[in-house]
Amino acid sequence: DAADTRVRARLNVVRNGVDDALRLDHEGTTPLAIRVDGTDADWKIEDGQVVVALSGDAHVVETEVTIAPDRNTQLMGLYASSGILCTQCEAEGFRRITPFPDRPDVLSRYRVRMTADKARYPILLANGDPVGTGELEGGRHWAEWHDPFPKPSYLFALVAGDLQVNRGSFTTMSGRDVQLGIWVRGPDLPRTDHALHALKLSMAWDERVYGREYDLDVFNIVAVDDFNFGAMENKGLNIFNSRYVLADPDTATDWDYDGVAAVVAHEYFHNWSGNRVTCRDWFQLSLKEGFTVYRDQGFSADQGSAAVKRIEDVRGLRASQFPEDAGPLAHPVRPDSYQEISNFYTATIYNKGAELIRMIATILGPVAFRAATDLYFARFDGTAATCEDFVACMEEASGHDLSQFRLWYSQAGTPRVSASIDHAENRATLRLAQHVPATPGQSEKTAMLLPIRLRLFGADSGRPLGDEQLVLLRDVGETLVFDGLAERPVLSINRGFSAPVVVESDRSPADLAFLAAHDDDPFARYEAAQQLMLDTLIAGAIEGRADHATVVGAIAGTLDACQGSGALDRAFVAEAVMLPSEAFVGDQLARIDPEAIHAAREALRRDLGRALDARWRAAYDDRPAVPYAYTPAEKGKRRLRNVALSYVAASGAGDAATLAFAQFEAADNMTDRQAALTTLVGIDCEEREAALDIFYNRYVGSVEARAERLRLEPFVDHQRIADVAVVEDVERGLALLAVDPDQRGQRRLAVGHVVG
């Protein structure tokens, strides 16, 4: 019951040490009784724990407490959300349900029996496989679930509510049939097919790439509107915020579809990297999160454009993690201390942690890396491991010495690599140097092991001068010599973003333009174009003017590469021709002048739009298929077409508003509709106000839409990036969006967008 839930727990405990007292973490519950071996026990509450005196080596400890989920405003433990009871136990929420040794290294097998009013809570779900159900007097019913695999308490989950299910099945590589379920509110059921499909793809991918087979007979995902943790990998019962489950063309963009698939994959992959092998303590959080982010990135790359996925991941790393490394809260991937465990869930732990795994995979190579992960899973299955355990498995399976690499886990900060190349008498000399800046608490740094992929290209021929090389930079400085090079070499460095570092090189604008046209590594090609644009924007922001000709020429070449045999992927081209954000430009400057940065960026956008007008219009006329299709090819067409529309508008073309409004009205999908609206809000025109009214009435103003918080997000997103002030303050914004002030998940989302 939401107002008064009674929790009875039966623990089979065995002494592990010499302490006579059993200490059970406890928070926010009202203990009614505690018994040991069937007899009332002496107990006390001390420092947030229930302390029970025990004398023998093995006992059965029974506890009975009451909790009030409807008053659980922390949304940790068991809480009520729009008529549904659900749990969130990571990191320390289980103690808010029942007294327990609430640490990740305590692994237990769970059997859960739930009883509830059947009319209010017709569906009762928990971890593991269903054991049975039945009817009780007074309109109540029961359900029992059993999870045979040991798990830490943070993975405990249950859900009770009025839900409907989209069912599916998956046959594992050993021939076992697994029943799949996506559970949602009734009206949301039609928007769950994509999540179910993504789940099946994830299960097949993990078998093929990592040899990991699902182990239970049932796998369920529940969508909860106000779930505050994004998504949670509870064993066999994942709980998601609805925005990461629901998708249809009318309410979800291509990025939303991508996000649903990525999050479904991430939480499913945790079944092995996090659940079957968990963390010894929370200092090891990146063991499960960094590894699993790396795995979900690989999955997403295989589902579409690997080049675009890598670009997106690096852009996110630079936007969120690099500033974290450069700021007062810089911390290692494996921190040494914390005041509040919730502060551990950072871009450093997740995204930089994933880059560490990627570097290991690069150093080992695919065959040895797969052997090493197999060893890791086999050795630590059913136990709590450490980052050191993982690295040791990488060493043992491959024969590589990763002693120096371990610094990545203990040293904070983003390394900076300088590169300069000289050419004389058919010999090229490449000098590399690394520097790790001081961070709070770590003023002195040690040189780190940096895997740097590089290749040389002939400045005259445009052809590669030899094969790509993987340089393991171990010292503060290193010199490499390349003989037999008749033409001047142009350096392509940190290809694929092989190390999460900042590269400083002496490459000229002409060299960058050359690489933007000729580099055979997609990321390095994108990076060269971005660096060329970034340097131009910085010059414009500092000096008030900049020469745009080189950038215009490079972008023209990239657009032309969309045509003919061997044409570049349109999704990649769309990324390559987009200017760096104003925020990223500001991050590169010692003194930030927002107005100057904005003016410089708008000037370059305008010149690109005008100089390449015919090319932008040709790209815009390459229309995607109707009706909407979520495929890599069609996503690429939509992406490039919408970027082209934004450049036509930036040029000041008189027909830009007409084009955008026509697209807005004709669009059969949110991707094109929102892109057109985003373009319109940057133009002072009548069509802008008309489009805003249509969008608001369709997605926000109706009673049906107000009941579906998910539909509010596209409206907020486009307002946040508009140049016009549509909402003047947070409270007015919350009122406009009809946000329930008692729903913290809604407030967190809305406030983040309004002030973001």
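Sequential numbering from 22 applies to the sequence shown in this note's numbering. Positions of the beta carbon are idealized from the N, C-alpha and C atoms, including for glycine.
Please report whether the beta-carbon of Glu333 lies at a distance below 7 Å from any beta-carbon of chain B.
The chain inventory of the structure shown lacks chain B, comprising one protein chain alone.
What does DSSP give as the partner residues of His162 in its beta bridges?
For His162, which the question treats as bridged, DSSP gives the partners Ala137 and Glu156.
Taking the beta strand (DSSP E) that Ala351 belongs to, which residues open and close that run?
Careful: Ala351 lies outside any beta strand (DSSP E) and carries neither H nor E.
Rounded C-alpha distance that separates Pro171 from Tyr278
Their backbone Cα atoms lie some 33 Å apart in a straight line.
Based on the DSSP secondary-structure assignment, which residues constitute the bridge partners of Leu633?
In the DSSP assignment, no residue is bridged to Leu633.
Expressed to the nearest angstrom, what Euclidean distance is found between the alpha-carbon atoms of Asp247 and Met97?
Distance between the alpha carbons of Asp247 and Met97: 12 Å.
With a threshold of 16 other CB atoms inside 10 Å of the CB of Pro125, please say whether the residue is buried or exposed.
It counts as buried.
Residue of Ser174, Thr274 and Gln551 minimising C-alpha distance to Glu596:
Nearest of Ser174, Thr274 and Gln551 to Glu596, Cα basis: Gln551.
Three-state class that DSSP yields for Ile105 in the structure shown:
Here Ile105 carries a strand assignment [DSSP, helix/strand/coil].
To the nearest angstrom, report how far apart Val281 and Tyr265 are at their CA atoms.
Distance between the alpha carbons of Val281 and Tyr265 is about 5 Å.
Are the beta-carbon atoms of Ala164 and Leu145 separated by less than 7 Å?
For Ala164 and Leu145, yes; Cβs fall inside 7 Å.
Going by DSSP in three states, Cys300 sits in which element: helix, strand or coil?
DSSP places Cys300 in strand when its eight states are reduced to three.
DSSP state of Gln609 mapped onto helix, strand, coil
Under the three-state reduction of DSSP, Gln609 is assigned to coil, being neither helix nor strand.
Quick check: Gly379 and Tyr430, are their CB atoms within less than 7 Å of each other?
With the sequence shown as reference, residue 379 is identified as Arg, and Gly is not the correct amino acid for it. In this structure, Arg379 lies away from Tyr430, with their beta-carbon atoms at least 7 Å apart.
For Glu708, report the span of its alpha helix (DSSP H) as first-last.
Counted as a single uninterrupted DSSP element, the alpha helix (DSSP H) harbouring Glu708 occupies residues Glu707 to Tyr720.
Uninterrupted alpha helix (DSSP H) stretches inside the region 657-689 (no shorter than 4 residues)
Counting only runs that start and end inside the region 657-689, the alpha helix (DSSP H) elements of at least 4 residues fall at 677-687.
Span separating the alpha-carbon of Gln239 from that of Val180:
With the sequence shown as reference, residue 239 is identified as Val, and Gln is not the correct amino acid for it. Taken atom to atom, the span from the alpha-carbon of Val239 to that of Val180 is near 15 Å.
Looking at the structure shown, is Pro436 part of a helix, part of a strand, or coil, going by DSSP?
Reduced to three states, the DSSP call for Pro436 is coil.
Residue burial classification, Tyr359 (beta-carbon count within 10 angstroms, cutoff 16):
Label assigned to Tyr359: exposed.
With DSSP collapsed to three states, give me the class of Gln70.
Reduced to three states, the DSSP call for Gln70 is strand.
According to DSSP, is Gln309 helix, strand or coil?
Looking at the sequence itself, residue 309 is Lys, so the reference to Gln does not match. Helix.
Residue ranges of each alpha helix (DSSP H) run of no fewer than 4 residues wholly in the region 195-233, ordered along the chain?
Within the region 195-233, the complete alpha helix (DSSP H) runs of at least 4 residues are 214-231.
With a CB to CB cut of under 6 Å and the five nearest residues on each side skipped, what residues in its chain are close to Asp40?
Excluding residues within five positions, none has a Cβ falling inside 6 Å.
Just the Cα atoms here: how many angstroms apart are Ser174 and Pro270?
Separation of Ser174 and Pro270 (C-alpha to C-alpha, rounded to the nearest whole angstrom) is 38 Å.
Mind checking Thr313: buried by the 16 CB within 10 Å criterion, or exposed?
With 16 or more other Cβ atoms within 10 Å, it is buried.
Are the region 410-420 and the region 390-398 in contact at 8 Å, needing three or more beta carbon pairs?
Output reads yes: the region 390-398 touches the region 410-420.
Stretch pair the region 453-465 + the region 341-355: three plus CB contacts closer than 8 Å
Verdict: yes, contact present.
Can you give the Cα-Cα distance for Ile66 and Thr26, rounded to whole angstroms?
Answer to the nearest angstrom: the Cα atoms are 21 Å apart.
In its own chain, which residues sit with a C-beta less than 7 Å from the C-beta of Ala23, not counting the 5 before and 5 after it?
Contacts found: Pro90, Asp91, Ala101 and Leu106.
Of the residues Asp481, Asp334 and Gly498, which one's Cα is nearest the Cα of Leu506?
Nearest C-alpha to Leu506: Asp481.
Extent of the continuous alpha helix (DSSP H) to which Leu486 belongs:
For Leu486, no alpha helix (DSSP H) segment is defined, and its DSSP state is neither H nor E.
Which of helix, strand or coil does DSSP assign to Asp275?
Looking at Asp275 - three-state DSSP - the assignment turns out to be helix.
Beta carbon of Leu184, beta carbon of Val285: below 7 Å?
7 Å or more divides the Cβ of Leu184 from the Cβ of Val285.
Tell me the start and end of each unbroken alpha helix (DSSP H) in the region 534-614 that is at least 4 residues and wholly inside, in chain order.
Within the region 534-614, the runs of alpha helix (DSSP H) at least 4 residues long that lie entirely inside it are, in chain order, 543-564, 570-581, 591-597 and 603-608.
Helix, strand or coil for Thr394 per DSSP?
If DSSP states are grouped into helix, strand and coil, Thr394 belongs with the helices.
Environment of Leu45 [buried if 16+ CB atoms lie within 10 Å]:
Leu45 comes out buried.
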